[in-house]
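Asks: Below is one structure. I have some questions about it.
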Amino acid sequence: MSKNGIYTPLDFKNVDFNVSIDEVGVGDRLARIKSRSIKKASKVEATLMAINMIDLTTLEGMDSPAKVRQLCSKAMRPHEEYENIPSTAAVCVYPNYVALAKKELKGSGVNVAAVSTAFPSGNAPMSIKIEDTKFAVDAGADEIDMVISRGKFLCGEYNFVFDEIAKIKEVCGKAHLKVILETGELETLDKVRLASDIAMEAGADFIKTSTGKIQPAATMPVTLVMLEAIREFYYRTGKMIGMKPAGGIKQHKDALKYLVMVKETLGEAWLNNKYFRFGASSLANELLMQLVKEYTGNYQAPEYFSID
Amino acid sequence: MSKKEKVLDKKSKKAIEDIAMNGSINNSRKLNFDTSWQYAPAPESTDHFKLKKKYDLFINGKFVKPTDGKYYKTINPATTETLAEIAYGTDKDVDKAVKAARKAYNEVWSKLPRKEIAKYIYRIARLLQERSREFAVVETLNGGKPIRESRDIDIPLAAAHFFYNAGWADKLHYAFPGKSPQPLGVAGQVIPWNFPLLMAAWKIAPALATGNTVVIKPAETTPLTALLLAEVIQEAGLPDGVVNIVTGFGDTGAAIVNHPDVNKVAFTGSTKVGKIIQKALAGTEKKYTLELGGKAANIIFEDAPIDQAIEGVINGIFFNQGHVCCAGSRLLVQESVFKTVIKKLQDRIENLIVGDPMDKNTDIGAINSKMQLDKIKEYYEIGKSEGASSFQSSCNLPKKGFFFRPTLFWDVAQSHRVVQEEIFGPVLTIQTFRTVQEAIDKANNTAYGLSGGVWTDKGSKIFNVVNKIRAGVLWANTYNKFDPTSPFGGYKESGLGREGGLHGLTPYLKM
Amino acid sequence: MSDRLNINKTYKLYIGGKFPRTESGRAYTIEDSKGNTLCHMSRASRKDFREAIVACQSAIKGWANRTAFNRSQILYRIAEMLEGRKAQFVDELISTGATKGSATKEVELSIDRLVYFAGWADKYTQVFGSVNPVATSHFNFSTPESMGLIAIMAPDEHPLLGLVSNLAPCIVGGNTCVILASEVNPFIAISFAEVLNSSDVPGGVVNILTGFKSELYKHFGTHMNVNAIICCADNKDQIINMQENAALNVKRFILRNKVNWMSDAGQDPYFIMDTQEIKTAWHPIGI
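Chains as they are written, first to last, in the numbering used here: chain A, 1 to 308; chain B, 1001 to 1511; chain C, 2001 to 2287.
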């Protein structure tokens, strides 16, 4: 599967185009997942785990070096007071802030992820996408979050999407590749499943729901379908693919439901930030507030938590 | 939940390995669901109400002592602790109840404007909703079903049945074109222990809406929510005697069925008892509906949405510990996806939490009674001795109470007893088929005909199979869904008549 | 008396689209109102009943799968054929003691009743089915479906109309049936079988036996292949026995011994529903 640490894409022929997903059935499964009650020690443990899974993200036109610096500091030490609170998994920035983030995070174990391939639309020539990715990798990005060409996907040019992912994977070298499907533009869960399968076959290390720029971003049905695609892929190939729901997960309770989904779909091996990430910005403080509430017994207010 | 005792025998282990070796699914790849992160106990609180020590019969609008003064204990099957003492009604009590119902029918209920009847039933529905938490907790304490189910399914659905039927009371002449439907009089009803309140609602709501009065007997192991319902009926201000609830055992039920002044009998329970009742009613003018056993086939075709089918199969057999007459207890899987299906079922089963029904995370609660547990255990042994391969969840079971692990049997044939007979527990048999016709033939190869399931992405195949399966309820790409607007009932030995929907009114009317 | 010697008809049974003699070789005599022998009838045995059930069972699938339109056409065809042989049936009824007026009325009503039920074939599922507005994201509908194999004990009175009024709602709904004809005037039922046999009714859909209720009623109740019994007979003991045995396989038991077949009450569409099961189907609504 890998030569000299460089991943060789599997064959496009392996993609099963006939997997069907029943939307209402997915809802039935989710109803059970949502009914899980996470209390006390279990809640604290899950919250700590969730913080450690966050790709703390800023992807604004108005991003500044100062903001990126603050983001990095927040990522390394989410709460000033509680030492036991882990760092987040990564920060996620535009390519031009990779070098800065890399410097800020040095030695912390927090990765730098860069969005790439003409994020968020992906509407650019392949050569530019490659350059975009190369730039981020050369600047030290540990992870590349690419977008697929949804236009091509929706008009049935699956080969194009497959090749594009495979190409970017090659450019990534040792950097981990997260493939953003932008599920909010794919409409049906069948398409989400197909896009997931294509991405995994083409060499994705992670599959990711959304850019955060399109509504709906991450949803539970989409995430469940993607987790199930990962499970099937693992059973078939033995390769463990990571999952990153991104955007829209703002509540502590929701985050825990996502963890329940991971626990009950993929189990222990995926319950860590090597294989599961939350793409989020405001979620971190929400998790911290709940954590401090559990520690102190008092309900918390937002103004006591630094916003970045 | 922590490290598990292994419950697989050698043969089954080998069978599981064989399955994995041959398919695209490779069993050397295992997912570990015994995760280090576990759900902490999340018990539903019980401090918002108090059970009485002793419950009397509800006759003529009042709680009255049983004539013979006898009581029996009702327990919590999850702990075997006694919850309360319940009156043991005899034929004398039944006679009193029927007389009260007759009097109420003659003097009050049949003279009320229909819209007033509707409003009484609406009241019951509303009061049920208001006390839903208490009802859910008591249902779970007394019956062993997970609190998640009694809270999310049993109680809301019971209220919905009252709501739905209430509206029919003053619209019956629209329901039966060309007829002017009239009530029958006194309805005698006997209900089972698997959905104690819901079955009471299925029976009482249409009976009242069609203008009848009621004498009903809850199952001996699960009388409590019916008695709470008696309180609700009192509170709703229903005229005395319109609904009478007589607790007791089989002889109490027989007294209702055989009472000469009962005009209509409605029974839900086993086929065995149903046949006894049908025989007993020979030569009488009583109308009757029977909702009896089943052994439903749940068919997965290779083009099905497999992951959702798995959830449907799980819900089809493990809902309410498998104590469901329409449970999808026979899984028929197209050979090409057999390995995938069985692997995924095992994964899903490992995620089912078996244990304290009062814990909000429990998926499978307590078996309703020791008798039922013994029966399930016996079938498990029969399955093994018939040579089936099996898989059981590796979960630990509580030390006290009646529990059984979710169980799969495969390498079974149509002739095996575990395939033919209703087990009424969390035990699924799995057979394979190659062609659509073979699936249909196997599905229909049973004396039962209550329900069935079909999973395929192809619409025309759904209609074909749905048409050909001889059963009253067919779920396509879903399973075990219920709704008050939707008629339910069986073909063949699964019973006669329908409950729910417009068709559920017919058995309570003369045209 | 004419010079010519009449050819007397041998009345046989009607099973699987054929007219076999009873396997028992027995016959019984039907007399007219003056005590003269009218004809001899086959006296069906338990084995004949069994054979009729086998034929009936094998016809179920094909008949139930016919389109409603096709069943309607066939019932209408029966009416046409009966209309064409109206005179014969009037004469036969007169031979049983009916007046010309009442015999004519009975035949005409029988024809009209066939037309009436022919018209229901493609309507009863519309009138008695439903789409159910469930509270979840599912499409849910209930539709009547044929019950299967129906054993009919036809009324003694009105040997043609009583037969037709029970047979038509039964088969129009896709069921097949075994009928024990009027014991008093059974030959008319066999004449009617000839009409059926020339009306595109597939063999086995309707099977007609003649014989004694007292001999055959037990098998109505006990035969495990029978899904429902329609009983137009009066004998209380026989009824109770059939009802008790119905419990062996939860047969539906429909008692129609108080219906005035000459009145409008004899052509109720709810008769069709007596031998229908309601099937409810669910499917998710999603994308």
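We treat Cβ as the ideally placed atom computed from N, Cα and C, and that holds for glycine.
Since this is a predicted model, take the numbers as computed values, not measurements.
Give the range of the beta strand (DSSP E) segment to which Ser1451 (chain B) is assigned.
Replies: That run of the beta strand (DSSP E) goes Ser1451 to Trp1455.
Asks: Would a check of beta-carbon distances place Asp254 (chain A) closer than 8 angstroms to chain B?
Replies: No, Asp254 (chain A) does not count as interfacial toward chain B.
Asks: What is the DSSP secondary structure of Pro1183 (chain B), counted as helix, strand or coil?
Replies: DSSP places Pro1183 (chain B) in strand when its eight states are reduced to three.
Asks: Mind checking which residues open and close the alpha helix (DSSP H) that includes Cys72 (chain A)?
Replies: Taken as a continuous stretch (DSSP letters only), the alpha helix (DSSP H) holding Cys72 (chain A) covers Pro65 to Met76.
Asks: Figure out for me which residue from B:Asn1396, B:Asp1374 and B:Asp1411 has the closest Cα to the Cα of Ala1388 (chain B).
Replies: Checking every option, the nearest Cα to that of Ala1388 (chain B) belongs to B:Asp1411.
Asks: Between which two residues does the alpha helix (DSSP H) containing Ile2074 (chain C) stretch?
Replies: From DSSP, the alpha helix (DSSP H) with Ile2074 (chain C) extends over Ala2068 to Gly2084.
Asks: Just verifying my parser: in three-state terms, what is the DSSP assignment at Ser2137 (chain C)?
Replies: Three-state result, Ser2137 (chain C): coil.
Asks: Does the beta carbon of Gly2286 (chain C) sit closer than 8 angstroms to a beta carbon anywhere in chain A?
Replies: For Gly2286 (chain C), the answer is yes, since a Cβ of chain A falls inside 8 angstroms of its Cβ.
Asks: Would you kindly report the start and end of the unbroken alpha helix (DSSP H) that includes Val1215 (chain B)?
Replies: Note, Val1215 (chain B): premise wrong, no alpha helix (DSSP H); beta strand (DSSP E) at Thr1213 to Lys1217.
Asks: Consult DSSP for Arg2021 (chain C) and reduce its assignment to one of helix, strand or coil.
Replies: Here Arg2021 (chain C) sits in coil by DSSP.
Asks: Identify the contact partners of Val2127 (chain C) in chain B, using a Cβ-Cβ distance below 8 angstroms as the criterion.
Replies: The contacting residues are Pro1177.
Asks: Report yes or no: is there a C-beta of chain A within less than 8 angstroms of the C-beta of Asp1307 (chain B)?
Replies: With 8 angstroms as the cut-off, Asp1307 (chain B) counts as an interface residue toward chain A.
Asks: Output the boundary residues of the beta strand (DSSP E) element that contains Tyr1071 (chain B).
Replies: Taken as a continuous stretch (DSSP letters only), the beta strand (DSSP E) holding Tyr1071 (chain B) covers Tyr1071 to Ile1075.
Asks: Can you have a look at Gln1437 (chain B) and say buried or exposed, based on whether 16 or more other CB atoms are within 10 angstroms of its CB?
Replies: Exposed, because fewer than 16 other Cβ atoms sit within 10 Å of the Cβ of Gln1437 (chain B).
Asks: Comparing alpha-carbon positions, which option in C:Thr2022, C:Leu2216, C:Ala2233 and C:Cys2177 lies nearest Trp2063 (chain C)?
Replies: Ranking the options by Cα distance to Trp2063 (chain C), first place goes to C:Cys2177.
Asks: What residues from the segment 2059-2073 of chain C come within 8 angstroms of chain B, judged by C-beta to C-beta, listed N to C?
Replies: Those residues of the segment 2059-2073 of chain C that come within reach of chain B (Cβ to Cβ, closer than 8 angstroms) do not exist; the list is empty.
Asks: So if DSSP puts His2283 (chain C) in a beta bridge, which residue, or which two residues, is it bridged to?
Replies: Beta-bridge pairing links His2283 (chain C) to C:Phe2139.
Asks: Can you pull the chain C residues whose beta carbon is under 7 angstroms from the beta carbon of Phe1267 (chain B), in chain order?
Replies: The premise fails here: Phe1267 (chain B) is roughly 12 angstroms from chain C at the closest Cβ pair, so nothing lies under 7 angstroms.
Asks: For Glu1335 (chain B) and Thr1432 (chain B), I'd like the C-alpha separation in whole angstroms.
Replies: Cα to Cα, the separation comes out at about 5 angstroms.
Asks: Let me see if you follow: with CB-CB separation under 8 angstroms, is Glu23 (chain A) close to chain C or not?
Replies: It does; some Cβ of chain C falls within 8 angstroms.
Asks: Could one say the Cβ of Thr2280 (chain C) lies closer than 8 angstroms to chain A's Cβ atoms, at least one of them?
Replies: No, because no Cβ of chain A sits closer than 8 angstroms to the Cβ of Thr2280 (chain C).
Asks: Which word fits Asn1032 (chain B), buried or exposed, when buried means at least 16 other C-beta atoms lie within 10 angstroms of its C-beta?
Replies: By the 10 Å Cβ count, Asn1032 (chain B) comes out exposed.
Asks: For Cys2232 (chain C), report the span of its beta strand (DSSP E) as first-last.
Replies: It is not in any beta strand (DSSP E) - Cys2232 (chain C) carries neither H nor E in the DSSP assignment.
Asks: Measure the C-alpha to C-alpha separation of Ile1117 (chain B) and Gln1392 (chain B) and round it to an integer number of angstroms.
Replies: When rounded, the distance between both Cα atoms is 50 angstroms.
Asks: Helix, strand or coil for Ile2150 (chain C)? Go by DSSP, reduced to three states.
Replies: Residue state, collapsed to three classes: strand.
Asks: Just how far apart, CA to CA, sit Lys2279 (chain C) and Phe2117 (chain C)?
Replies: Looking at the two C-alpha atoms, the distance is approximately 22 angstroms.
Asks: DSSP state of Gly1023 (chain B), grouped into three classes?
Replies: In this predicted model, Gly1023 (chain B) has a pLDDT of only 46, less than 50, meaning its place in the structure is not dependable enough to derive any value.
Asks: Kindly list, in the order they appear in chain B, the residues whose Cβ is closer than 8 angstroms to that of Asp205 (chain A).
Replies: Within chain B, no residue comes near Asp205 (chain A); the closest Cβ sits about 18 angstroms away, beyond 8 angstroms.
Asks: One question on the structure: do Thr1456 (chain B) and Ala1304 (chain B) come within less than 8 angstroms of each other, judged by their Cβ atoms?
Replies: Yes, they are a contact pair.
Asks: Counting pairs of beta carbons, one from the segment 2140-2151 of chain C and one from the segment 2198-2211 of chain C, are three or more of them closer than 8 angstroms?
Replies: Contact fails: fewer than three Cβ-Cβ distances are below 8 angstroms.
Asks: Can you have a look at Gln2243 (chain C) and say buried or exposed, based on whether 16 or more other CB atoms are within 10 angstroms of its CB?
Replies: Result: buried.
Asks: Whose CA, out of C:Asp2234, C:Ala2265, C:Ile2285 and C:Leu2216, lies closest to the CA of Asp2048 (chain C)?
Replies: Checking every option, the nearest Cα to that of Asp2048 (chain C) belongs to C:Leu2216.
Asks: Label Arg1417 (chain B) either buried or exposed according to how many other C-beta atoms from any shown protein chain fall within 10 Å of its C-beta, with 16 as the threshold for buried.
Replies: Classification of Arg1417 (chain B): exposed, given that the 10 Å Cβ count is below 16.
Asks: So what does DSSP say about Phe276 (chain A), is it helix, strand or coil?
Replies: Reduced to three states, the DSSP call for Phe276 (chain A) is strand.
Asks: Strictly under 8 angstroms for the Cβ-Cβ distance: is Thr2275 (chain C) near chain B by that measure?
Replies: Taking Cβ atoms only, chain B never reaches closer than 8 angstroms to Thr2275 (chain C), which makes this a no.
Asks: Note the first and the last residue of the continuous alpha helix (DSSP H) segment covering Glu2224 (chain C).
Replies: The residue asked about is misnamed: residue 2224 (chain C) is Met in this sequence, not Glu. Element bounds for Met2224 (chain C): n/a, residue is neither H nor E.
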